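Numbering (the working numbering), first residue to last: 14 to 318. Single-structure report; data block below.
Structure (structure tokens):
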């Protein structure tokens with residue numbers, strides 16, 4: 014009887030610990046949802062997106078990396094998109110297309126008569142203005158968005174213990190050195206240096222930077238999707254809740270994580286061709302090639318069918 018009593022006590026303790034862990038993560042998830050969720054769409058569009066997710070239909074997502082870290086926020090320097098990608102995610106075809114849009118792309122800012130660098134749209138009106146500008150200039154629908162600032166980028170990578178990366182270029186930036194084809198494990202700070210450089214010798218300008226951005230995003234997606242350790246998942250949640258804004262709810266993110274994972278089996282990268290030009294205002298802009306822009310658009314849209 015004494016042994017049986019000890020077993021019952023042990024089971025009660027295990028169940029209690031399990032309940033406390035569940036309660037803790039429920040609280041964390043609810044807080045996480047409140048901190049990161051920021052819808053910019055009308056209710057009709059939100060419902061349409063959630064129906065797509067419910068039935069595992071293809072979805073189009075805008076991904077913004079903004080230069081609004083703690084230092085910039087403190088000094089009221091505003092937000093501009095340092096990284097701008099759109100992703101067509103199709104779980105049935107097991108394919109995702111990532112299209113990088115150069116931050117200097119010459120674009121008409123939605124709701125204005127002004128033509129400026131597309132990166133400025135976010136500064137003028139946040140994700141809503143940026144999404145509308147993408148839709149207007151590329152004729153591509155966007156269902157949802159995710160925004161991460163520079164602090165978040167570093168913290169997420171540090172939370173998963175860094176990532177192994179094979180450098181695509183040889184250059185130095187912000188105290189970090191990179192050598193082409195060298196494989197190394199990068200922490201958050203070094204990974205951020207790797208994707209930010211564009212003017213340094215050997216970094217290959219905007220073209221090189223967009224390639225490295227796609228490379229790092231794919232690496233992070235691969236590592237996070239494999240993660241099972243509760244402690245690490247908790248660190249990812251902590252990194253995300255203070256540095257991410259998205260129109261997705263936590264429920265939506267859960268659906269993406271579990272039901273859209275096949276879409277990461279094949280990730281295609283779409284790079285816009287074009288040329289750098291000096292416009293009337295004396296600034297440099299990237300002007301996409303019309304035919305290439307049309308071809309890339311069709312490939313992107315085909316993955317949404």
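Ideal placement from N, C-alpha and C gives every residue a C-beta, glycine not left out. Source: prediction; values computed, not measured.
Item: The alpha helix (DSSP H) enclosing residue 221, as first and last residue numbers; Value: 218–239
Item: Residues of its chain near residue 318, where Cβ-Cβ distance is below 6 Å and the 5 sequence neighbours each way are ignored; Value: none
Item: Beta-carbon separation (whole angstroms), residue 249 vs residue 169, contact threshold 8 Å; Value: 6 Å
Item: Distance, residue 123 Cα to residue 114 Cα; Value: 16 Å
Item: Buried/exposed call for residue 295, threshold 16 Cβ in 10 Å; Value: exposed
Item: Under 8 Å between C-beta atoms of residue 146 and residue 180; Value: no
Item: Proximity below 8 Å, CB of residue 334 to CB of residue 111; Value: Only positions 14 to 318 of the chain appear in the structure, and residue 334 is not among them; the question remains open.
Item: Close Cβ partners of residue 95 (< 6 Å) along its chain, the five nearest in sequence each way excluded; Value: 78, 80
Item: Counted within 10 angstroms of its Cβ, other Cβ atoms place residue 287 as buried (16 or more) or exposed; Value: buried
Item: Residue 276 burial status per 10 Å Cβ neighbour count (16 or more: buried); Value: buried
Item: Sequence-distant residues of the same chain with beta carbon closer than 7 Å to residue 300, five excluded per side; Value: 119, 287, 288, 290
Item: Bounding residues of the alpha helix (DSSP H) (the contiguous stretch that carries residue 188); Value: Careful: residue 188 lies outside any alpha helix (DSSP H) and carries neither H nor E.
Item: Three-state secondary structure assigned by DSSP to residue 303; Value: helix
Item: Nearest-angstrom beta carbon gap, residue 167 and residue 142 [assumed within contact, 8 Å]; Value: At roughly 26 Å, the Cβ-Cβ gap does not stay under 8 Å, so residue 142 and residue 167 are not in contact.
Item: Rounded Cβ spacing between residue 102 and residue 74 (contact assumed at less than 8 Å); Value: 6 Å
Item: For residue 163 and residue 257, believed in contact at Cβ under 8 Å, the rounded distance; Value: Rounded, the Cβ-Cβ distance is 12 Å, inconsistent with contact.
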